[in-house]
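If you use this note's numbering, the sequence shown closes out at 163, no skipped numbers anywhere.
We put the CB at the ideal spot given by N, CA and C, even for glycine.
Notes to accompany the following structure.
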Amino acid sequence: MTNDDADVHKSFAADEKIGYTLLSDPKAEIIGAFGLIKPGVLKSSSWYGVAVPAIFVADTNGVISHRFSTHNYRDRPDVDRVLAALSSK
């Protein structure tokens, strides 16, 4: 999910041959609700609403069991940690 509009997503998905749905949140309402708005960006800036990278793992009931996110876009979770979260109950 990004704050790009649906047309940007549609074009990007076609160009990159992405076979899954990209979610658009142009007002950053959901991004904000999950606490993922990049810190330090003024609301008046065109960069406001850009999400920090995040991975959420939800169970079959839609309950989030694991969250991997940081405000440093270079800091990504180890793949083994994410896979372990996916296989946990």
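Exercise. Considering only residues of the same chain and omitting the five flanking positions on each side of F130, which have a CB-CB separation below 6 Å?
Worked result: I138, R141
Exercise. How long is the line joining the alpha carbons of A102 and G93, rounded to whole angstroms?
Worked result: 24 Å
Exercise. Taking the runs of the alpha helix (DSSP H) that are 4 residues or longer, which of them lie wholly in the stretch 94-148?
Worked result: 103-107
For this session: Express the C-alpha separation of S162 and R155 in angstroms, rounding to a whole number.
Result: 11 Å
For this session: Kindly indicate which residue of V126, D152, S85 has the alpha-carbon position closest to the one of K108.
Result: The residue asked about is misnamed: residue 108 is Phe in this sequence, not Lys. Taking only the C-alpha atoms, the option nearest F108 is V126.
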